[in-house]
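K.L.:
For the sequence shown, our numbering gives the first residue as 107, with consecutive numbering after it.
Every residue gets a Cβ at the ideal spot worked out from N, C-alpha and C, and that includes glycine.
Only a predicted model underlies this, so the values are computations on that prediction, with no experimental measurement involved.
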Amino acid sequence: MQLIDGKKTSTDIKQEIAAEVAEMTAKGIRRPHLAAILVGHDGGSETYVANKVKSCAECGFESTLLRFEDDITEEQLLAEVRKLNENPEIDGFIVQLPLPKHIDEQRVIETVDPDKDVDGFHPVNVGRLSIGLPGFKSATPAGIIELLRRYNIDTRGKHVVVIGRSNIVGKPVASLLMQKGNPGDATVTVCHSRTTNLPEITRQADIIIAALGKPGFVTADMVKDGATVIDVGTTRVPDATRKSGFRLCGDVDFENVAPKCEFITPVPGGVGPMTICSLMLNTLQAAKQRRGC
Ligand code: NAP
Numbered sequence: 107m108q109l110i111d112g113k114k115t116s117t118d119i120k121q122e123i124a125a126e127v128a129e130m131t132a133k134g135i136r137r138p139h140l141a142a143i144l145v146g147h148d149g150g151s152e153t154y155v156a157n158k159v160k161s162c163a164e165c166g167f168e169s170t171l172l173r174f175e176d177d178i179t180e181e182q183l184l185a186e187v188r189k190l191n192e193n194p195e196i197d198g199f200i201v202q203l204p205l206p207k208h209i210d211e212q213r214v215i216e217t218v219d220p221d222k223d224v225d226g227f228h229p230v231n232v233g234r235l236s237i238g239l240p241g242f243k244s245a246t247p248a249g250i251i252e253l254l255r256r257y258n259i260d261t262r263g264k265h266v267v268v269i270g271r272s273n274i275v276g277k278p279v280a281s282l283l284m285q286k287g288n289p290g291d292a293t294v295t296v297c298h299s300r301t302t303n304l305p306e307i308t309r310q311a312d313i314i315i316a317a318l319g320k321p322g323f324v325t326a327d328m329v330k331d332g333a334t335v336i337d338v339g340t341t342r343v344p345d346a347t348r349k350s351g352f353r354l355c356g357d358v359d360f361e362n363v364a365p366k367c368e369f370i371t372p373v374p375g376g377v378g379p380m381t382i383c384s385l386m387l388n389t390l391q392a393a394k395q396r397r398g399c
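And the structure:
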């Protein structure tokens with residue numbers, strides 16, 4: 107069994123990005139600039155945004171954090187999004203989800219200029235991804251693809267079973283893996299809460315991608331010997347022994363599944379760090395496009 111080290115891979119990628127940014131600035135080209143909108147004080151969102159800002163510094167990017175209270179109206183938030191769309195200093199930006207209930211997330215997503223949509227959530231970018239055109243790829247699926255690439259995990263002709271059909275993970279990762287190429291060229295089955303005989307399907311998988319948000323859901327009896335298992339799940343489970351009061355749990359019963367696997371990602375330290383890396387790569391791409399380099 108080989109552990110897929112997302113933390114190390116993400117550190118390597120951030121160093122590669124920082125080297126590219128150093129080359130850009132040495133030539134007098136302005137460094138990439140990412141902005142993030144954070145609404146309210148959700149603990150998870152605060153952590154994610156803080157990590158994104160920290161990663162910007164590691165990559166040599168400029169970053170701007172715009173904070174709003176959770177009583178901001180939808181119209182006010184949309185106006186802030188439009189300001190960022192028009193701001194020539196900003197190469198790309200994200201609106202940290204989830205948003206308060208009174209705000210229509212889809213409307214916010216569709217207001218972001220697709221050319222600055224470094225989260226890859228705008229329907230234009232989702233559409234481009236699904237037909238194999240260049241564009242900003244949703245960060246978590248792009249991170250998974252990068253891990254497969256860097257660990258030389260051949261997906262061609264393999265049966266990939268994705269558990270979960272969300273717009274941000276399940277659907278786009280399935281789409282990427284069925285594109286021509288490697289990673290890609292896979293036969294993909296997408297399972298969800300209405301799937302019957304799920305263990306029967308996962309047992310046929312050469313590669314399982316678990317993205318459902320149910321801790322320990324994938325058990326050893328659901329995995330064939332020699333499979334590769336990518337665990338996307340990150341559920342906060344209360345844990346009084348931790349300073350934070352919780353620990354992150356994946357969707358895979360790691361202890362019992364790992365011995366059967368050829369490759370497996372841990373939680374934490376697997377897919378999670380790669381998600382931020384993809385955001386940094388998308389921001390670099392946005393900056394290069396805007397500067398014509
Ligand atoms: P989501 O929007 O809640 O979607 C969950 C999916 O799992 C749905 O398609 C659902 O089916 C399916 N599902 C739920 N219970 C199931 C069951 N018993 N059997 C089969 N399928 C089931 O979740 P998400 O946003 O994709 O996130 C999934 C997990 O990944 C969460 O733990 C999240 O925190 C984590 N995540 C991690 C990262 C990262 O950077 N590491 C990024 C994003 C998400 P239906 O469609 O039928 O309801």
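(1) Pick out whichever of Pro-194, Pro-365, Leu-235 and Pro-204 has its Cα sitting closest to the Cα of Gln-108.
(2) Tell me the residue span of the alpha helix (DSSP H) that contains Ile-215.
(3) For Pro-344, is the classification buried or exposed, using 16 other Cβ atoms within 10 angstroms of its Cβ as the cut-off for buried?
(4) Does Ile-307 come out as helix, strand or coil in the three-state DSSP assignment?
(5) Name the DSSP bridge partner or partners of Thr-341?
(6) Distance check for Pro-321 and Val-404, CA to CA, integer angstroms please.
(7) Taking 8 Å as the cut-off, is the CB of Thr-115 close to at least one heavy atom of the ligand NAP?
(8) Cβ of Ser-272 within 8 Å of any heavy atom in the ligand NAP?
(9) Could you tell me the boundaries of the beta strand (DSSP E) in which Val-145 lies?
(10) Check whether the Cβ of Ile-269 sits closer than 8 Å to any heavy atom of the ligand NAP, and report yes or no.
(11) Is the closest heavy atom of the ligand SAH to the C-beta of Arg-300 under 8 Å?
(12) Answer with buried or exposed for Ala-346, where buried requires no fewer than 16 other C-beta atoms within 10 angstroms of its C-beta.
(13) Using the rule of at least 16 other Cβ atoms within 10 Å of the residue's Cβ for burial, across every protein chain shown, is Ser-299 buried or exposed?
(14) Alpha carbon to alpha carbon, how far is Ile-314 from Pro-240? Give it in angstroms, no decimals.
(15) If I follow the unbroken alpha helix (DSSP H) through Thr-153, where does it start and stop?
P.N.:
Taking the structure as given:
(1) Per the C-alpha coordinates, the member of Pro-194, Pro-365, Leu-235 and Pro-204 positioned closest to Gln-108 is Pro-365.
(2) Where Ile-215 is concerned, the enclosing alpha helix (DSSP H) stretches over 211 to 217.
(3) Exposed, because fewer than 16 other Cβ atoms sit within 10 Å of the Cβ of Pro-344.
(4) Correct three-state label for Ile-307: helix.
(5) Beta bridge pairing from DSSP links Thr-341 with Cys-355.
(6) Nothing can be reported for residue 404: it is not among the residues displayed for the chain, which extend from 107 to 399.
(7) No, Cβ of Thr-115 sits at least 8 Å from all heavy atoms of the ligand NAP.
(8) Yes, the beta carbon of Ser-272 sits closer than 8 Å to at least one heavy atom of the ligand NAP.
(9) Run containing Val-145: 139 to 145, per the beta strand (DSSP E) assignment.
(10) Ile-269 Cβ: within cutoff of the ligand NAP.
(11) The ligand SAH is absent from the structure shown, which contains only the ligand NAP.
(12) Classification for Ala-346: exposed.
(13) That one is exposed.
(14) Pro-240 and Ile-314 have their alpha carbons spaced roughly 26 Å apart.
(15) Under the DSSP assignment, Thr-153 falls in the alpha helix (DSSP H) whose first and last residues are 149 to 165.
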